[in-house]
Amino acid sequence: MKQLDPVTVEVIQNRLIQITKEAGITLQRTAGSPTVALTKDVGFNIADHKGRNIVYSIWMPRHGTTLGWMLRSTLARFGEGGIGKGDMILCNNPYDGALHLLDLALLAPVYCGDELVAWAGCATHHLDIRAMHPGLCCDATEWFQEGIVFRPIKLVEGGRLRQDIFDFFIDNVRVPQVQALDLKGQIASVNVAVDRIQQTAHRYGVETLKACYDTIIDFSRAKAIERIKRIPDGDYDATDYIDFDKTYAIHCRLTVKDGTLNFDFSGTDPQADSYVNSTLATSVGNVHNIVICMLFSDIPINEGCIDPIKVTIPEGTVLNCKPPAPCVGASTVGGWKAQVLAWKTLSLAVRNSPEWWRATASWGSSNILSNIYGRNRDGKPFMHQVGNSTMQGGGARATKDGFDVANIAGSTFTSLANVEDLEQRFPVLYLQRGMVVDSGGAGKYRGGLGGDITVMLYGIPRAQTSVAYLGRKKPASGEGGGESGGASVVRVKRQPDVRDFFRRGVVPNYDNLSGQDIELAERIPPFEVVEGDVFYMRSVGGGGYGLPVERSPEDVLRDMKQGLISPEAASRKYLVALTDTGEIDREGTKSLREASVNKNK
Numbered sequence: 009m010k011q012l013d014p015v016t017v018e019v020i021q022n023r024l025i026q027i028t029k030e031a032g033i034t035l036q037r038t039a040g041s042p043t044v045a046l047t048k049d050v051g052f053n054i055a056d057h058k059g060r061n062i063v064y065s066i067w068m069p070r071h072g073t074t075l076g077w078m079l080r081s082t083l084a085r086f087g088e089g090g091i092g093k094g095d096m097i098l099c100n101n102p103y104d105g106a107l108h109l110l111d112l113a114l115l116a117p118v119y120c121g122d123e124l125v126a127w128a129g130c131a132t133h134h135l136d137i138r139a140m141h142p143g144l145c146c147d148a149t150e151w152f153q154e155g156i157v158f159r160p161i162k163l164v165e166g167g168r169l170r171q172d173i174f175d176f177f178i179d180n181v182r183v184p185q186v187q188a189l190d191l192k193g194q195i196a197s198v199n200v201a202v203d204r205i206q207q208t209a210h211r212y213g214v215e216t217l218k219a220c221y222d223t224i225i226d227f228s229r230a231k232a233i234e235r236i237k238r239i240p241d242g243d244y245d246a247t248d249y250i251d252f253d254k255t256y257a258i259h260c261r262l263t264v265k266d267g268t269l270n271f272d273f274s275g276t277d278p279q280a281d282s283y284v285n286s287t288l289a290t291s292v293g294n295v296h297n298i299v300i301c302m303l304f305s306d307i308p309i310n311e312g313c314i315d316p317i318k319v320t321i322p323e324g325t326v327l328n329c330k331p332p333a334p335c336v337g338a339s340t341v342g343g344w345k346a347q348v349l350a351w352k353t354l355s356l357a358v359r360n361s362p363e364w365w366r367a368t369a370s371w372g373s374s375n376i377l378s379n380i381y382g383r384n385r386d387g388k389p390f391m392h393q394v395g396n397s398t399m400q401g402g403g404a405r406a407t408k409d410g411f412d413v414a415n416i417a418g419s420t421f422t423s424l425a426n427v428e429d430l431e432q433r434f435p436v437l438y439l440q441r442g443m444v445v446d447s448g449g450a451g452k453y454r455g456g457l458g459g460d461i462t463v464m465l466y467g468i469p470r471a472q473t474s475v476a477y478l479g480r481k482k483p484a485s486g487e488g489g490g491e492s493g494g495a496s497v498v499r500v501k502r503q504p505d506v507r508d509f510f511r512r513g514v515v516p517n518y519d520n521l522s523g524q525d526i527e528l529a530e531r532i533p534p535f536e537v538v539e540g541d542v543f544y545m546r547s548v549g550g551g552g553y554g555l556p557v558e559r560s561p562e563d564v565l566r567d568m569k570q571g572l573i574s575p576e577a578a579s580r581k582y583l584v585a586l587t588d589t590g591e592i593d594r595e596g597t598k599s600l601r602e603a604s605v606n607k608n609k
C-alpha cells in the first residue's frame, strides 16, 4: 500500500486513545464498588495484533505494563488459534503479570472479519478474592492463603458468558452483589473498546490500521531515546526501605548509556514471609510508571517508550519473589518502593542535565490498609476499605512544591471518594478528613502534605477489622537538603465520648476524645471493634527539595496563613522570624538565616 501520511497516523492514534478513555468511563459508570466507580482504580490498554502496547493505560499507567505481561502469558498458555472471536480471558495471577490478586484483568482479541487487528484489555481492583481475611490479606505467610488464583482462563467464549466461571468467582467472594457488577462492568468496557476498534478498522481499512502501528511505536521510541540522551551517561545509586514486620532494604543502580535506562536492583533483600513482596511484573510496571510520568509525560505512551528501559531484579528478592511467597501487597508495598527507587535514581541522573527541573524528592509510599467488615444494618455482608492510601504527600520538585494529599506517584486519573457516599454505603461515620499540618517535608520547595481520617463504626453493634501500614519508621525522604515528610500512624480509641460532643453540637477532635488511646503496630491480627470505637489514620507527607532556609519568607508566610505549616515550623524549620501580629520580621529572619549559614560552614 502507499506510504501513510502523518495526518492519518495522528488521527488513528488519537482515536485509539479516546477509545481507552471511553472504555474506562464505561467501567466506572457500570461498576458497583466505590474503588472502581469513585476512586477510578482502572487500567485500560489497546495492543496491536502482535501483542505490542499501542495505547498504554492512561487511567493508572502501571497497569499498562502488567496488562501487556498478562497478554503475553495468555498467548503462551492458549497457543496459536486457541483464542477466537468473542472470547475474553480472565486473569489475576501475579506470576502471569497481574499487579496483585485483587486486580482482575479481562483481555479480548479484536477481529475485523476473520482478521485479528488488535487486543483490548482492562484491569481493576476488586474488594475481595476470598483470602483468609477480606481484601489485602496482610498476615498471610504463603501465597495459598491470599485468595483464588485465575491463570488465564476464558470467562467469555464465542460471545457467550461462561456462567460456570462467573458463578465460581461470585460464589467465593464476600460481597458478591457488588463484585458481580464490577466484573460485568469490565465485560461491558471491553465490549465498548472492541466495538470502537472495529469501527475504526472499517472506516480506515484494516491495512491502514495495521500499517499505523509501526509508525506509532517508532515515533515514541525515537522521542524517548532523544529525551534520555539529554541525561548524562553514568551510574546513579540509591537505597530505600520497607518498614513492616521488619525493615527490608531495597537497592537500585541506574545506568544511563547511549539513550537507554538500565535499573539494576541487585543488592535488594531476600523475599519476605509477609505480603510486602512484589512479583517481577509489578516491580517492572512500577518502574515504567515513574519513567513515563517523570520523563515522557509529553510523549505518546506505547511499546516504543518502554523499549529503551531495562529492569534487572534478582529472583527470590522482595521485588521479584517466587512462589510460594505471599505477594498480595505487590501493588501497594513492594511495587511502590520500586517507584521510590526509580524517582531517587532518576532525580540524581537529571540534576546536571537540561532536564534538571524534573528532579523530585520521594513521594509518600505508606499504604494504610484498614478494612472494616461484617454485616451491615440490613444484615448483608459489607467490606469497607478505610485506608487512606490515596492521601499521601507528593514529593517536592526542583522548581515546585509537592502535591498535597495525592495518590501514589503516577496514578494519574484516580480520585478520593466522597465521604457522604461512603457513609451511605457503609455503617461508618467520618468525623474528619483533611490535611496534616507540618507533614510536608521542609525544603526550598515544600513536600506535599499527607492526609488524615477520623472514622468510627456506626449503626451496627460490632464488626471485624484488619490493619497494616508502612511509613511509621521510614517516611518519604527529601532531596538536595530537603527534609523527610511526616510519618504515618494508626490509632484507635475504645468507646470514647463521641456522642457527648454530638449532643453539645461540637465536632469532635480525636485528640480531645476520651477513651483508651492505642497506637497500632504496622502488622497486627484482625480484631473486633464495637459501635463508637474511633480510628485515626495519618498518611506520610512528601519529601522536601532543597534547603529549607532557601524558601522565600513570603512562601512560608502564605503556607502558615493557609494552615499548611505551623508558626513553630516557620520559625524552627524555615528560620522565618515573625512579629507579634504574625507577619514577617525581615531583620530577624535575616539574622536567623545568617547565623544558620555560619554555623554550618
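At the far end of the sequence shown sits residue 609, using the working numbering, and the numbering has no gaps. Virtual Cβ for every residue (Gly too), placed ideally from N, Cα, C.
For V498, the closest C-alpha among the options E530, I97, L349, V557 is that of E530.
If you compare the alpha carbons of T325, I321, D136 with that of S282, the shortest gap goes to T325. Per DSSP, Y103 has no beta bridge partner at all.
Here H141 carries a coil assignment [DSSP, helix/strand/coil].
Residue I20 holds the alpha-carbon nearest to the alpha-carbon of V214 among G554, M78, I20, D505.
Every unbroken stretch of the alpha helix (DSSP H) spanning 4 or more residues and falling wholly within the stretch 190–265 is given here in chain order: 214–236.
Of the candidates V164, D460, I239, the residue whose Cα lies closest to the Cα of D266 is I239.
When DSSP reads this structure, R502 sits in a beta bridge with Q524.
Per DSSP, the unbroken alpha helix (DSSP H) holding G32 starts and ends at 14–38.
About 13 Å separates the CB atoms of L269 and R366; that is not less than 8 Å, and the two are not in contact. DSSP lists T325 as the beta-bridge partner residues of P278.
In the DSSP assignment, Q432 falls outside any beta strand (DSSP E) and lies within the alpha helix (DSSP H) extending over 427–433. Taken in chain order, the complete beta strand (DSSP E) segments of 3 residues or longer contained in the stretch 107–135 are 111–120, 123–133. Secondary structure of N384 (DSSP, three-state): coil.
The three-state secondary structure of T589, taken from DSSP, is coil. Here K408 has Y453 as same chain residues with Cβ atoms under 8 Å from its own Cβ, once five neighbours each way along the sequence are excluded. In this structure, the CA atom of T208 is about 11 Å from the CA atom of N22. Contact between the stretch 398–412 and the stretch 428–438 is absent: fewer than three C-beta pairs spanning the two stretches fall below 8 Å. A straight-line Cα-Cα distance of about 36 Å links N415 and K218. If you look at M68, you'll find it isn't in any alpha helix (DSSP H); DSSP assigns it neither H nor E. The Cβ atoms of G455 and A417 do not sit closer than 9 Å to each other. In the displayed model, G442 falls within a strand according to three-state DSSP. The C-beta of V605 has fewer than 16 other C-beta atoms within 10 Å across all chains shown, which makes the residue exposed. The alpha carbon of D429 has as its nearest neighbour, out of P42, V17, L24, I27, the alpha carbon of P42.
Here I468 is near R383, since their CB atoms are less than 9 Å apart. Comparing C-alpha distances from S474 to each of C146, Q206, D525, T320 shows the shortest one belongs to C146. Here P516 has L439, V506, F509 as same chain residues with Cβ atoms under 7 Å from its own Cβ, once five neighbours each way along the sequence are excluded. Here Q187 is buried. Its C-beta has 16 or more other C-beta atoms within 10 Å. If the five residues before and after P316 are omitted, its C-beta is found closer than 8 Å to the C-beta atoms of R229, A232, I233, I236, G267, T268, L269, all from its own chain and listed in chain order. Across the structure, C130 and G143 are spaced so that their CA atoms are roughly 20 Å apart. Excluding the 5 residues flanking it on each side, L528 has same chain C-beta neighbours closer than 6 Å at V475, V498, in chain order. Inclusion of L98 and P14 in the CB contact set at 9 Å is not warranted, their separation being larger than that value. Contact annotation, R170 with I156: C-beta distance approximately 16 Å; criterion of less than 8 Å not satisfied. In the displayed model, N297 falls within a helix according to three-state DSSP.
The count of Cβ pairs closer than 8 Å, one atom from the stretch 61–75 and one from the stretch 99–112, reaches three, so the stretches are in contact. Counting C-beta atoms within 10 angstroms of its own C-beta, Q185 has fewer than 16 neighbours from the protein chains shown and is therefore classed as exposed.
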